[in-house]
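The structure appears right after this line, and notes come after that.
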Amino acid sequence: LVNARDAMPSGGQLSVSTRVEHLQFRRQLTTDLVGPGSYCVVAVADTGIGIPAEHIGRIFTPYFTTKGPEFGTGLGLASVYGLVGECGGAIDVHSAVGEGCRMEVYLPHFQRSGGPVTGPVLLESGGTETILVVEDHEVLRAVTVRMLEQQGYTVFHAANGQEAIYVLEARAGQIQAIISDVVMPVMDGYDLASEVQRRWPYIPVMFVSAYSERAFPNQEGRIAQGAVFVAKPCSPPVVLEALRRTLSLPRQGRSDPSVVRGA
9 LVNARDAMPS
19 GGQLSVSTRV
29 EHLQFRRQLT
39 TDLVGPGSYC
49 VVAVADTGIG
59 IPAEHIGRIF
69 TPYFTTKGPE
79 FGTGLGLASV
89 YGLVGECGGA
99 IDVHSAVGEG
109 CRMEVYLPHF
119 QRSGGPVTGP
129 VLLESGGTET
139 ILVVEDHEVL
149 RAVTVRMLEQ
159 QGYTVFHAAN
169 GQEAIYVLEA
179 RAGQIQAIIS
189 DVVMPVMDGY
199 DLASEVQRRW
209 PYIPVMFVSA
219 YSERAFPNQE
229 GRIAQGAVFV
239 AKPCSPPVVL
249 EALRRTLSLP
259 RQGRSDPSVV
269 RGA
């Protein structure tokens with residue numbers, strides 16, 4: 009809807025519609041291949057400037073945008089792509105320059121079973137380890153630090169990846185894990201994880217982000233294999249359980265922090 013508004017600076021028509029569509033065969037949509045079945049389709053159409061054909065294949069790529077910096081970071085559609093994909097859906101795009109744009113979100117049609125809804129099984133949530141929290145949002149950072157300290161953890165914190173590097177250079181021997189946002193100024197979470205993997209491979213990094221993991225493709229090699237990713241908003245029990253899983257990951261390189269502390 010925001011993109012449709014920006015595509016019609018002089019006004020135009022915007023429509024939102026829904027339908028149920030039954031596919032008998034597999035169909036290739038713009039983002040993914042969907043299989044046979046019943047889908048709820050949400051369509052958003054505008055009469056704006058349209059999208060050039062050479063850009064349609066890139067619009068869901070993180071940070072790709074043809075707008076100026078005052079319009080944001082170019083993560084809006086990347087976030088949509090990730091959320092839809094996590095639901096088992098896909099997106100179809102129909103557009104041409106001067107002919108507006110129509111985006112259709114296909115979501116699997118779900119029938120209620122009437123059975124009980126069960127939540128995740130939570131592991132032991134507290135601990136005595138030392139954690140580094142990296143989050144550019146001051147309030148979220150303070151809340152996370154307080155939550156961890158209440159569970160027995162010792163916590164250091166930083167507002168971005170570069171600040172985190174400074175903390176690690178001074179205290180890497182004390183830190184057992186890092187909880188990091190992904191999208192941050194100066195240095196993002198994936199660049200931080202890549203640097204941590206290079207310099208301190210025994211410290212695992214756990215990601216907590218408002219953007220889906222699917223919104224950041226092709227990150228293999230920049231982060232440790234099996235890294236834990238939690239989507240915001242998330243409850244404290246989910247964060248704490250994910251942290252315990254992160255702390256239980258196999259360590260790489262020098263696993264004894266005392267080696268580093270004594271160096």
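Quick note, the sequence shown lines up with residues 9 to 271 if you use my numbering. For glycine and all other residues, C-beta sits at the position ideal for the given N, C-alpha and C. These numbers come from a predicted model, not from an experiment.
Cβ-Cβ distance between V42 and L31 below 9 Å: To locate residue 42, count along the sequence shown from 1; it is residue 34. To locate residue 31, count along the sequence shown from 1; it is residue 23. In contact: V42 and L31 (Cβ atoms closer than 9 Å).
Going by other Cβ atoms of all chains shown within 10 Å of its Cβ, with 16 needed for buried, is S217 buried or exposed? Looking up residue 217 in the sequence shown gives position 209. Answer is buried; the Cβ neighbour count reaches 16.
Would you kindly report the start and end of the unbroken beta strand (DSSP E) that includes Y114? Counting from 1 along the sequence shown, the entry for residue 114 is found at position 106. Taken as a continuous stretch (DSSP letters only), the beta strand (DSSP E) holding Y114 covers 109-116.
I need the DSSP call for S202, collapsed to helix, strand or coil. Position 194 of the sequence shown holds residue 202. In the structure shown, S202 sits in a helix (DSSP, three-state: H, G or I).
For P193, collect the residues of the same chain with a Cβ closer than 8 Å to its Cβ; drop the 5 residues on either side in sequence, then sort them by chain order. As a working mapping, residue 193 is identified with position 185 in the sequence shown. If we look at P193 and ignore the five residues flanking it on each side, its Cβ neighbours are D144, N168.
What span of residues does the alpha helix (DSSP H) with D54 cover, start to end? Mapped onto the sequence shown, residue 54 falls at position 46. From DSSP, D54 is part of no alpha helix (DSSP H) but of the beta strand (DSSP E) over 45-54.
Taking E137 and L255 to be in contact with their CB atoms under 8 Å, please state how far apart those CB atoms are, rounded to whole angstroms. Position 129 of the sequence shown, counted from the first residue, corresponds to residue 137. Position 247 of the sequence shown, counted from the first residue, corresponds to residue 255. That belief holds up - the Cβ atoms of E137 and L255 are roughly 6 Å apart, short of 8 Å.
Measuring only the C-alpha atoms, how far is Y47 from V113? Looking up residue 47 in the sequence shown gives position 39. Looking up residue 113 in the sequence shown gives position 105. Spanning the two alpha carbons is a distance of roughly 9 Å.
Compare the Cα-Cα distances from F33 to each of A239, G45, R27 and report the closest residue. For the purposes of this step, residue 33 is taken as residue 25 along the sequence shown, with counting starting at 1. Cα-wise, what sits closest to F33 is G45.
Are the Cβ atoms of R252 and G135 separated by less than 9 Å? The sequence position of residue 252 within the sequence shown is 244, counting from 1. The sequence position of residue 135 within the sequence shown is 127, counting from 1. Going by C-beta atoms, R252 is nearer than 9 Å to G135.
Taking the beta strand (DSSP E) that S87 falls in, what are its first and last residues? In the sequence shown, the residue the question calls residue 87 occupies position 79. Segment 84-94 is the alpha helix (DSSP H) holding S87; no beta strand (DSSP E) there.
Would you identify the three-state DSSP class for L257, choosing helix, strand or coil? Here residue 257 corresponds to residue number 249 of the sequence shown, with the count starting at 1. Coil, per DSSP.
Pick out whichever of R149, Y161, D199 has its Cα sitting closest to the Cα of G170. As a first step, residue 170 is located in the sequence shown; it is residue number 162 there, counting from the start. Gly is not the amino acid found at residue 170; the sequence shown has Gln there. For the residues R149, Y161, D199, the minimum Cα distance to Q170 belongs to D199.
Would a C-beta distance cut-off of 9 Å place F215 and V246 closer than the cut-off? The count along the sequence shown starts at 1 and reaches residue 215 at position 207. The count along the sequence shown starts at 1 and reaches residue 246 at position 238. It is not a contact, given that the beta carbons lie outside the stated cut-off.
Taking the straight line between their C-alpha atoms, what separation do you get for L257 and N11? As a first step, residue 257 is located in the sequence shown; it is residue number 249 there, counting from the start. As a first step, residue 11 is located in the sequence shown; it is residue number 3 there, counting from the start. Straight-line Cα distance between these residues: approximately 40 Å.
Extent of the continuous beta strand (DSSP E) to which L22 belongs: The residue you call residue 22 lines up with position 14 of the sequence shown. Run containing L22: 22-31, per the beta strand (DSSP E) assignment.
Measuring alpha carbon to alpha carbon, tell me which residue in T26, G58, V204 is nearest D14. Counting from one through the sequence shown, the residue named residue 14 turns up at place 6. For the residues T26, G58, V204, the minimum Cα distance to D14 belongs to G58.
Taking the continuous beta strand (DSSP E) assigned at T138, which residues delimit it? Residue numbering aside, residue 138 sits at position 130 when the sequence shown is read from its first letter. T138 -> beta strand (DSSP E) spans 138-142.
Cβ-based neighbour list, S263, same chain, cut-off 7 Å, excluding 5 preceding and 5 following: As a working note, residue 263 is residue 255 in the sequence shown. In this prediction, S263 scores a pLDDT of 44, lower than 50, which makes its location untrustworthy; the coordinate-derived value is nonetheless stated afterwards. Counting only Cβ-Cβ distances below 7 Å, and skipping sequence neighbours, we find Y210.
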